[in-house]
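See structure below.
Residue numbers (my numbering): 71 to 699.
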C-alpha cells in the first residue's frame, strides 16, 4: 500500500496543481517542515509568496482523491501520513512558488494562442477520434470543480514555469567521456563458436533407487508439505452474468436507437483555417481586403503564419477549443471566409475548406451493442436489489443455503482449496469470483465467523469458511510422485552440468571445439554478441559469461530459463571506434541528459528557496495533514 501511495503525481491535474516541476523534477527538500512552530493562516511562506492553509488543503485533498482512485480504495489519513503525502504536496507548492517568483522577476509570459494550442494538444482532452474534444474537456473540468478560465490560468502559469526550466536545461548534453564509456559497453562485441547442451527430459532419467529417493525426500521434506486447505461456501452475484442471459426485445432496442441516434452518428466535421490578429481593427482591415479580392493566403503570409499553423484540423464542433470560434466555423459554407471573430483568446478570421456531413450508423450495425448496454443497465439495478435482500437476510441470520434458494442464486461449495487457489490434487479451482480477495479473506477468517461481502464493479460475493485442514508433512508414499519428479529434474540438471564441465575440461586441455562437438554429435553455431546479448539467441546472462572469458579462450554459461547451457569458444573481439557525431538510436543519451537536467533544476530550485527564505507553520500544516512519519 505504501508503495502505491508513494508513487509520484501523474496526469494533468497533478501537472497543474502539484507541478511535478514541469519535467518531473523531484525537489522536495522539506525535512524541516515540522520543526518550525506557528499558528497562523499560512502553511508556508516563500519570500513574499504565501501558501495558505486553504490552498494546501485543496491540493492535499485532490492528491488524496487521486491516490484513492489509483489504489481503488479510500486512503486513510494514517496511511497518507505514513506515506508522506502531506510533505510531498506542500513541497510541490513551495517549489512552484519559488519558481513563480523567478518567472515574475524575469517577466516571462505566454500568449493566448500558445495556451490554446497547448490545451488542444493535451492528450487527456482527446475524444474518440483522437483529437481535442470540448465535451471531454468540460467534463474533466467539472469533475475537478474548475471553470474554463481557471484551467486556462493554471495552464498559462505552468507554461511560464516551463519556459524557465527549459531555458535551464536546453543546452545540457551528455559528456563525451561518458558517451565513450557507454559506446564501449554497448557497441563492442565478441564473436563466438558454440554448442548448445539441452537437458534430458526428466522422464528419460533412470529411476532413482529407493535409498536415493528416501534420502532426497528426507533432505527436502518441507518442500513436499501439504499446505493448509479450507472448505469454502459462497454465493456470487454480478451484473455481467445477469446481463448475458437477459432477454431484451427488438422493439426496446429499436426504441433506444431512435431516441439516441446522435450517439451513433459520425458527427459533421469541418476543415478549418484560422488567421489571428492582435486587435479587432487589424482583423477588420484584413477582412475588407479579402472582400475586395485579396486571397486568404496573402493575409496569412503578411501575418507570418505558416499554413500548418493556420490549419486547426478536421474537427467536429465539440473539438474546437474556443466555443465562439466553433459557432462561427460551423455556420460558414465551404470555402467561405468569416467576418472577424472575437474569440476567447484572440481575434480571428476563419475559413472552412472542407465539410464532411454527419453520418448515422445503421440500426443493424449497433443492435448488439445496444442490447448489451440495455441488459447491463437493467442487470445493475437487479444486482443492487438482490444485494440488498441478501444483506438483509444475512443480518437476519439466514444461511447461504437458505438465501440461495430464496433468491435463486447458485450456491457453490469448494471442499478444499489452498492459498494459491488449488485443490489437493494440484489442479486449479476454476471460476472463482474475485479470486484474489476471496482467497485472501478466506484464509484470514475463522471457521463460522461472520464475514463481510466482497464488492467490486457491480459484483458481490458472500462467503463462509466451513472447515480448516492444517498443513502437515506428507509421507513419502503420499508424495512419491512429486518427490520422484523433483529428483529426476535435479538429476537432469546435474547430468547436464557434468556434461558441460567435461566438455570444457577437454577444450582447456587442448582439444578443438570441432573435436569435442563431433564426439557428441553436436552442431556448432556462430554468433556475435554485445554485453546485452546478440543474435541468434544469446541472452544477456549468457553474454556476461562470454565477456568474462579471454579472447581465444573457452567458457560455459549457466542454464537459461529452458535449462539449456552453452559451451563456447571466443574467436575474436570487435572494437568499434567511437564516433561523437553518430546519432543516438538507443535514446540513452537523451535519458542521461534529462537526468542531468533534473539535477540542474533541483539545485536551481533549492537555491531559489534558500535565497527567498522559506518558512513553514507546523500547527497550520497539522490542521490539514496531521504529523509526519
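The beta-carbon is built from N, C-alpha and C at its ideal position, and this holds for glycine as well.
It should be emphasised that the depicted structure is a prediction, and the values quoted were computed from it without experimental measurement.
Check whether residue i and residue j have beta carbons under 8 Å apart
| i | j | result |
| --- | --- | --- |
| residue 308 | residue 503 | yes |
| residue 213 | residue 189 | no |
| residue 347 | residue 186 | no |
| residue 483 | residue 508 | no |
| residue 341 | residue 424 | yes |
| residue 326 | residue 419 | no |
| residue 685 | residue 115 | yes |
| residue 176 | residue 671 | no |
| residue 614 | residue 261 | no |
| residue 249 | residue 659 | yes |
| residue 305 | residue 535 | no |
| residue 430 | residue 331 | yes |
| residue 663 | residue 244 | yes |
| residue 574 | residue 607 | no |
| residue 639 | residue 259 | no |
| residue 150 | residue 687 | no |
| residue 294 | residue 544 | yes |
| residue 444 | residue 322 | yes |
| residue 518 | residue 300 | no |
Where residue i sits in the DSSP three-state scheme
| i | result |
| --- | --- |
| residue 588 | helix |
| residue 188 | helix |
| residue 426 | strand |
| residue 194 | helix |
| residue 115 | strand |
| residue 601 | coil |
| residue 358 | helix |
| residue 420 | strand |
| residue 662 | helix |
| residue 694 | helix |
| residue 678 | helix |
| residue 390 | coil |
| residue 703 | Because the chain in this structure spans residues 71 to 699, residue 703 falls outside the shown range and cannot be described. |
| residue 395 | helix |
| residue 689 | helix |
| residue 538 | strand |
| residue 210 | helix |
| residue 608 | strand |
| residue 103 | Residue placement at residue 103 is poorly supported in this model, since its pLDDT is 39, which falls under 50; the coordinates still yield a value, given next. Reduced to three states, the DSSP call for residue 103 is helix. |
| residue 583 | helix |
| residue 242 | coil |
| residue 672 | helix |
| residue 97 | With a pLDDT of only 40 at residue 97, under the threshold of 50, the placement of this residue in the model should not be trusted, and no figure is reported. |
| residue 91 | Note on residue 91: pLDDT 37, under 50, position unreliable in the model; the coordinate value appears next. Three-state DSSP puts residue 91 in coil, outside helix and strand. |
| residue 143 | coil |
Range covered by the alpha helix (DSSP H) that runs through residue i
| i | result |
| --- | --- |
| residue 275 | Here residue 275 belongs to no alpha helix (DSSP H), and DSSP marks it neither H nor E. |
| residue 708 | Here the chain comprises residues numbered 71 to 699, so residue 708 is not present and cannot be evaluated. |
| residue 346 | First-last for residue 346: 339–347, but that is the beta strand (DSSP E), not the alpha helix (DSSP H). |
| residue 566 | 546–578 |
| residue 506 | 505–512 |
| residue 366 | 366–372 |
In DSSP terms, what residue i is bridged to
| i | result |
| --- | --- |
| residue 638 | 264 and 625 |
| residue 533 | 304 |
| residue 644 | 259 |
| residue 528 | Paired residues: none, contrary to the question. |
| residue 595 | 264 |
| residue 335 | 430 |
| residue 614 | Answer is none; residue 614 lacks a bridge partner. |
| residue 412 | 417 |
| residue 407 | 421 |
Where the beta strand (DSSP E) through residue i begins and ends
| i | result |
| --- | --- |
| residue 122 | 119–122 |
| residue 224 | Counting along the chain, residue 224 falls outside any beta strand (DSSP E), though it belongs to the alpha helix (DSSP H) covering 218–239. |
| residue 201 | Segment: none, residue 201 is in no beta strand (DSSP E) and carries neither H nor E. |
| residue 686 | 684–686 |
| residue 385 | 381–385 |
Test: residue i CB closer than 8 Å to a CB of chain D
| i | result |
| --- | --- |
| residue 644 | In summary, chain D is missing from the structure at hand, where a single protein chain is found. |
Original post:
What residue ranges within the stretch 434–497 form continuous alpha helix (DSSP H) runs of no fewer than 4 residues, ordered along the chain?
Top reply: 470–477
**OP:** Could you tell me which uninterrupted beta strand (DSSP E) segments, each at least 3 residues in length, are contained entirely in the stretch 266–330, listed from first to last along the chain?
**Re:** 299–308
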